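S.K.:
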DNA sequence: AATTAAGTAACTTCAGTGATTACATTTGTC
DNA sequence: GACAAATGTAATCACTGAAGTTACTTAATT
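Protein chains in written order, with our numbering: chain A, 776 to 915; chain B, 776 to 915.
1) Nearest chain A C-beta to residue 808/B closer than 7 Å, yes or no?
2) Would you mind working out which of 825/A, 778/A, 870/A sits nearest residue 800/B, comparing C-alpha positions?
3) Which of the three DSSP states, helix, strand or coil, is assigned to residue 850/A?
4) Would you say residue 832/B reaches chain A, if we count a Cβ-Cβ gap shorter than 7 Å as a contact?
5) Quickly, what does DSSP pair residue 823/A with across the bridge? List them, please.
6) With a cut-off of 7 Å, does the C-beta of residue 779/B fall near any C-beta of chain A?
7) Tell me, please, which residues DSSP counts as bridged to residue 895/B.
8) The segment 780-805 of chain A: which residues have C-beta closer than 8 Å to a C-beta of chain B, in chain order?
9) What separation, rounded to the nearest whole angstrom, lies between the Cα atoms of residue 785/A and residue 867/B?
10) Quick check on residue 856/A: buried or exposed, where buried means 16 or more other Cβ atoms within 10 Å of its Cβ?
11) Can the beta-carbon of residue 795/B be found less than 7 Å from the beta-carbon of residue 804/B?
12) What residues of chain B sit near residue 838/A, judged by a beta carbon separation below 8 Å?
13) Can you name the start and end residues of the alpha helix (DSSP H) that residue 947/B belongs to?
14) Taking the alpha helix (DSSP H) that residue 791/B belongs to, which residues open and close that run?
15) Can residue 834/B and residue 821/B be called in contact, C-beta distance under 7 Å?
16) Drop a sphere of 10 angstroms on the beta-carbon of residue 888/A, count the other beta-carbons inside from all chains shown, and report buried for 16 or more, exposed for fewer.
17) Using 10 angstroms around the beta-carbon of residue 862/B, count the other beta-carbons present and answer buried if the total reaches 16, otherwise exposed.
18) Kindly indicate which three-state DSSP category residue 864/B falls into: helix, strand or coil?
19) Assess contact between the segment 894-903 of chain A and the segment 806-813 of chain B, defined as three or more Cβ pairs (one per stretch) separated by less than 8 Å. Is contact present?
20) Which of the three DSSP states is assigned to residue 858/B in this structure?
21) Are any of the Cβ atoms in chain B nearer than 7 Å to that of residue 887/A?
22) Would you mind working out which of 858/A, 816/A, 892/A sits nearest residue 843/A, comparing C-alpha positions?
23) From residue 912/A to residue 823/A, what does the alpha carbon distance come to, in whole angstroms?
24) Going along chain B, which residues have a C-beta under 7 Å from residue 879/A?
25) What does the Cβ neighbour count give for residue 828/B, buried or exposed, with the cut at 16 atoms within 10 Å?
26) Which stretch, first to last residue, makes up the alpha helix (DSSP H) that contains residue 745/A?
27) So what does DSSP say about residue 906/A, is it helix, strand or coil?
And the structure:
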């Protein structure tokens, strides 16, 4: 959803876009978009103005925004679930497993983010534009 | 939790372990462990017998089980949330964004799994055993 | 001043996960 | 064969997090 919003902003390069219009593209509620935009503002990816005729726009060019930045801006939760209950400390495995796995998972998450870094918002836009099946009617 | 269970099984090499004992280490309910074991059985990572004196054990040596296999066995959901509502097809971005992002996310997930492949269950066990702080009392 | 749009709080809805209980089924042992 | 031990499995509940919704406040433009 965050990438979708940013893609729309990139699409209308520089123009201010209201949360209502973004919400229409994502097909959701403007408030959801605004909450999302707050996270993106904190990450300095978008600038949002208030008042009439205002809205949001990218704070950098689409080529200088990659999906890892978007991921970090939005995804505050760890991808790997940490169990609610603590393991049994009396068990030799249970006692130490958590900190061991934390390292493994941190490494995996870093690998994931490194991959996301390879894709910029500009790349997403050109992929969207290139997928011509979207723009054209199906020919028989 | 899956790694924890498998680590305990690796710890007691070859011995059959009951779901009740595994549940005690993870500090959860035996039924939860059994449901987890079903997924691990399907992935051919453990063998489980029924009846008295039975239980589960690894179906391969810990050195031949890596965390990517565990991840695939257990994690049936995609790590990236796909919005419940479909984007607005009338919007040029909304119309195509989904399939574009699917590719990006598949690549990121592949990167994540490649990283997890590098860690075997044997590696987890030796890391757990090596973290001596667990076995010793704090000597301030 | 009026209008437009974001910021934000409060509430509801919904899905996923873990937890719990209960029961059927299978296996090993006496 | 009877009994005990252990899994398979269904039904139900509680909890959590995300999305959605409504409503109100605040700020900026005209």
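By construction, the Cβ of each residue, glycine as well, lies at the ideal position given by its N, Cα and C atoms. As the structure is a prediction and not an experimental result, all values here were calculated from the model.
M.R.: In this structure, then:
1) Within the second chain, numbered from 1, the residue matching residue 808/B stands at position 33. Taking Cβ atoms only, chain A never reaches closer than 7 Å to residue 808/B, which makes this a no.
2) If you number the second chain from 1, residue 800/B lands on position 25. Of 825/A, 778/A, 870/A, the residue nearest in Cα terms is 870/A.
3) In the first chain, the residue the question calls residue 850/A occupies position 75. In the structure shown, the three-state DSSP call for residue 850/A is coil.
4) Here residue 832/B refers to the residue found at position 57 of the second chain. The beta carbon of residue 832/B does not come within 7 Å of any beta carbon belonging to chain A, so the residue lies off that interface.
5) Mapped onto the first chain, residue 823/A falls at position 48. The secondary-structure analysis by DSSP pairs residue 823/A across a beta bridge with 831/A.
6) As a first step, residue 779/B must be located in the second chain, where it is residue number 4. Interface flag for residue 779/B against chain A is set, since a Cβ pair is found closer than 7 Å.
7) Your numbering for residue 895/B matches position 120 in the second chain. DSSP lists 841/B as partners of residue 895/B.
8) Cβ contacts with chain B come from 782, 783, 786, 799, 800, 801, 802, 803.
9) In the first chain, residue 785/A corresponds to position 10, counting from 1. In the second chain, residue 867/B corresponds to position 92, counting from 1. Using only the alpha carbons, I get a separation of about 12 Å.
10) The residue you call residue 856/A lines up with position 81 of the first chain. Exposed: under 16 other Cβ atoms inside 10 Å.
11) Translated into the one-based positions of the second chain, residue 795/B becomes position 20. Translated into the one-based positions of the second chain, residue 804/B becomes position 29. No. Outside cutoff.
12) For the purposes of this step, residue 838/A is taken as residue 63 along the first chain, with counting starting at 1. Residues of chain B passing the Cβ test: none, with the nearest at roughly 16 Å.
13) Residue 947/B falls outside the range modelled here, since chain B spans only 776 to 915, and no answer is possible.
14) Counting from 1 along the second chain, the entry for residue 791/B is found at position 16. Careful: residue 791/B lies outside any alpha helix (DSSP H) and carries neither H nor E.
15) Counting from one through the second chain, the residue named residue 834/B turns up at place 59. Counting from one through the second chain, the residue named residue 821/B turns up at place 46. If you check the CB distance, residue 834/B and residue 821/B come in under 7 Å.
16) Taking the first residue of the first chain as 1, we reach residue 888/A at position 113. The residue is buried, with at least 16 neighbouring Cβ atoms inside 10 Å.
17) Start at 1 with the first residue of the second chain, and residue 862/B comes out as number 87. Buried, by the Cβ-count rule.
18) What you label residue 864/B is simply residue 89 of the second chain in a count that begins at 1. Correct three-state label for residue 864/B: coil.
19) They do not touch, by the three-pair rule.
20) Your numbering for residue 858/B matches position 83 in the second chain. Coil.
21) Taking the first residue of the first chain as 1, we reach residue 887/A at position 112. Yes, residue 887/A lies at the interface with chain B (some Cβ there is under 7 Å from its Cβ).
22) Numbered from its first residue, the first chain carries residue 843/A at position 68. The shortest Cα separation from residue 843/A among 858/A, 816/A, 892/A belongs to 892/A.
23) Indexing the first chain from 1 puts residue 912/A at position 137. Indexing the first chain from 1 puts residue 823/A at position 48. Bear in mind that the predicted position of residue 912/A carries a pLDDT of just 38, short of 50, making it unreliable; the figure below should be weighed with that in mind. Their backbone Cα atoms lie some 36 Å apart in a straight line.
24) Taking the first residue of the first chain as position 1, residue 879/A is located at position 104. The contact set of residue 879/A on chain B, defined by CB atoms closer than 7 Å, consists of 842, 894 in chain order.
25) For the purposes of this step, residue 828/B is taken as the residue at position 53 of the second chain. Classified as exposed, residue 828/B has fewer than 16 neighbouring CB atoms from the shown chains inside 10 Å of its CB.
26) Given that chain A is displayed from residue 776 to residue 915, the structure contains no residue 745/A and the question cannot be resolved.
27) In the first chain, residue 906/A corresponds to position 131, counting from 1. In the structure shown, residue 906/A sits in coil (DSSP, three-state: anything other than H, G, I, E or B).
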